[in-house]
Structure formats: C-alpha cells, structure tokens
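Colleague: If you scroll down you'll find the structure; I have some questions about it.
Numbering (our numbering), first residue to last: 850 to 1243.
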C-alpha cells in the first residue's frame, strides 16, 4: 500500500522475511545473552530495558522501553506483555526518534502489545535521552497495593534491523510494576510541538500537593499553579518543543516520591473500526504533517489495507479520500470531519462499502489543513499490521 521503491516496501516478501528473521533472532539471542556477560566480551547489538515502575491505584503506568546504547534502527518488531486484571485499556502508544521519522503500529490484545515500526532515516534508537517506546496504561482504582505485574519484553517476536537491513542481535531486560505510592502523572497538555514561553502547560495525575516540585528537562519552570491533587499548571521560560520532553513531579513530604513522564500528544479515537484487527491497532505517526498523500492498497487472501489519520490541531479538519482505479478512474469518494486532537483508523473496505479497494487501485488523501497520515497493511492470519509511509505522488 505504498508508492515507495520496492526496497522500502513491507509487502508479502517482507512479511515472510519477518517470520524467518524471528526464528533466526530467537535462536541467536540466548547465546548472545550468555556471551555478553563474559569478561572482555562487548555486546554490539540492540540492548533494550523496561524500567521498574511504582504507580498507585488510580494512577497511570507509562511503560518505558529504553535502548541501552545508541544504535541506528531501520525497522523491526517487538512484543511486550503486561497482562493483569489490575490494568485498564491502553490509552496511548508513542515512539521517539530524534528527527521524528519513526512510524509504526501497536496491535494490543489481552495485555499484549506487538509493535512494528520503521524509521526511513534510521534515527530511531540513536538517542538515549528518552525512551524509544512508551505505552500508557491506567492502573485501576481497585488494584491492590503491593501487587506486582511483570512488564516483559518478548524475545520470540523481537526483530531489529540496521540501516542496511541486517539483523541486530538483541538483549532484553524486562521490568516490574509495583502497585503503590501516592504520586503519578497521567498526561501533559499540550504534549507535543513547540509551546511558547509563558503559555500554560497542564499536568494531570494523582497525588499532587501544593508543595509539589515540577521539572521539565531542557527548560526552566517559571510559574507553578496548584489546582488540585489531579492537576498542576506551569509555564516555561523559553519556547519548548514538548515532544518527548521528560516531566517530573516531586513530593518531599509526607514521603519522598518522584513521578516521571515523557510527553506526547495523546489523541482520542474517532469511532471504532468494525474490523477487529483494525480496532486493536494503535497507529504511531511520524512527526510530519501533510495536506495530500497517496497510497496503493493491497488486497490478497488475508492481507488488506487500511488508513490512519491524526489531527493534532485545535480545530477540526475536513479530509477527503478518493479511490481511483489503475487507469485513474474515480471509483468512490468519502469526506470526513476529523475533530481536533482526534485520530481515525479504518480498513479501506469500511470507508468505501460496495467498492473493492483491490491491489492496483490508488488512494488519494487530501486534507484542508496538514494532518498526520499513515497507511496500514494488515494480515488477519498472522495478526500483524505494518506501517506504510505516505507517498507524495501516485
């Protein structure tokens, strides 16, 4: 579903390569984990770790996957398990790269996340200043203090490729959530993009106190206004890009606690897809916004194409989707109003009922104002959804 060169496609051959790569990497990883502990042996692959977290009932768990040493990543896949009756539905998924080129899809089902991603500029993984992946999951108010939940990186579906598509060996270190404490950050608004000096930034969570200290890495907090135990408002001394910014709220009394959160713009879903795999998919958008893009749908066996759109603006945007035949005949059109801070994820068959978005057709997406766009290539048989980058021309 892409107009990019074949070398950048995630097509049928690429999906086969993923399966082969998974088998290879699973077999190699155990040996490398043992070898990396030997004196004098330097591990040259991708090392991933999940931080241990302590979150109170009613707070927000932000699972943070970090890379231990910078490595340029082209594309790959990683699984994460966090199943627990004490956790609610996933609220958001974000991936971070210095140039904002990483996109992906997280398929969430039954406390398991399978994340596929790609970074055309290979800047994904090249910075250790912030996690490469975060998943926000609420801890239910009914959770029992002291309970522990494993946050497990799954080696069976770990696949990380370097800029020339060679497979990195992988070391994985999982983490643990402990239900406890009183302090948690659940969201930051705005969570992305440049915020002018003096503009209000809202920090939401639980356990805030009038004496809470707030820090924002790379910027100076000039004012702090305590509204309630669930919200603090701050202003910064300089214009600050909030994407991936580390926010800390610190309480010194009655006990010493620190809550750390990495900001991103968490959008609301505009409806739910009737296609189960689409409904389970959380798109991860590259930073760039576009007014027009093209995609090439794929429909073969269990493989299908979808589209994801995201509006980070403060006002609604009108978006028109046109489906053309291979001979440039307009087959169907649909216009949607995408509300502010909303995202839209659908199988193309839902968007154009009665018209088959078959292989060889062309999808054009036009927005009245630039928005984020991402193609989706799903496979119901494997349960995998791959990200497909927009193309500037058909």
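In this text, a Cβ means the ideal position worked out from N, Cα and C, and glycines have one as well.
Just so it is clear, the structure is predicted and the values come from calculations on it, not from any experiment.
The alpha helix (DSSP H) spanning residue 909 covers which residue range?
Modeller: That residue, residue 909, is in no alpha helix (DSSP H); its beta strand (DSSP E) goes 909-916.
Colleague: For residue 925, which option in 1013, 999 and 1090 has the closest C-alpha, if you only look at C-alpha atoms?
Modeller: 1013
Colleague: From residue 1168 to residue 1186, what distance separates their C-alpha atoms?
Modeller: 6 angstroms
Colleague: In angstroms with no decimal places, state the Cα-to-Cα distance between residue 872 and residue 1067.
Modeller: Only weak support exists for where residue 872 lies, its pLDDT of 34 falling under 50; the value from the coordinates is given anyway. Whole-angstrom Cα-Cα distance: 42 angstroms.
Colleague: Tell me, to the nearest whole angstrom, how far the beta carbon of residue 1265 is from that of residue 1121; I am working on the premise that it is less than 8 angstroms.
Modeller: The requested residue 1265 is not part of the displayed model; the chain covers only 850 to 1243.
Colleague: Please specify which runs of the alpha helix (DSSP H), each continuous and at least 4 residues long, are wholly inside the stretch 1202-1240, giving them in chain order.
Modeller: none
Colleague: Who pairs with residue 996 in a beta bridge, going by DSSP?
Modeller: Under DSSP, residue 996 shares a beta bridge with no residue.
Colleague: Just the C-alpha distance for residue 1289 and residue 1197, rounded to the nearest angstrom, thanks.
Modeller: Because the chain is modelled from 850 through 1243, residue 1289 falls outside the range shown and cannot be assessed.
Colleague: By Cβ distance below 6 angstroms, which residues in the same chain neighbour residue 965 in space, the five residues on each side in sequence not counted?
Modeller: 926, 953, 954 and 1235
Colleague: Within 10 angstroms of the Cβ of residue 1178, are there 16 or more other Cβ atoms? Answer buried if so, exposed if not.
Modeller: exposed
Colleague: Considering Cα atoms alone, identify which of 945, 1042, 1152 and 1241 is closest to residue 976.
Modeller: 945
Colleague: Using a Cβ-Cβ cut-off of 7 angstroms (strictly less than) and excluding sequence neighbours within five positions of residue 1003, which residues of its own chain qualify?
Modeller: 928, 929 and 930
Colleague: Which value, in whole angstroms, describes the spacing of the CA atoms of residue 980 and residue 1175?
Modeller: 42 angstroms
Colleague: In terms of DSSP beta bridges, what is residue 1185 paired with?
Modeller: 1168
Colleague: Between the Cα of residue 984 and the Cα atoms of 1223, 1219 and 902, which residue gives the shortest distance?
Modeller: Out of 1223, 1219 and 902, 902 has the C-alpha closest to the C-alpha of residue 984.
Colleague: Just the Cα atoms here: how many angstroms apart are residue 1141 and residue 1037?
Modeller: 30 angstroms
Colleague: With residue 1133 as the anchor, note down where its beta strand (DSSP E) starts and where it stops.
Modeller: 1130-1133
Colleague: Report yes if the CB atom of residue 904 is closer than 8 angstroms to the CB atom of residue 913, and no otherwise.
Modeller: no
Colleague: Can you grab the Cα-Cα spacing for the pair residue 986 / residue 1113, in whole Å?
Modeller: In a straight line, the C-alpha of residue 986 is about 14 angstroms away from that of residue 1113.
Colleague: Are the CB atoms of residue 1144 and residue 1227 within a distance shorter than 8 angstroms?
Modeller: The beta carbons of residue 1227 and residue 1144 sit no closer together than 8 angstroms.
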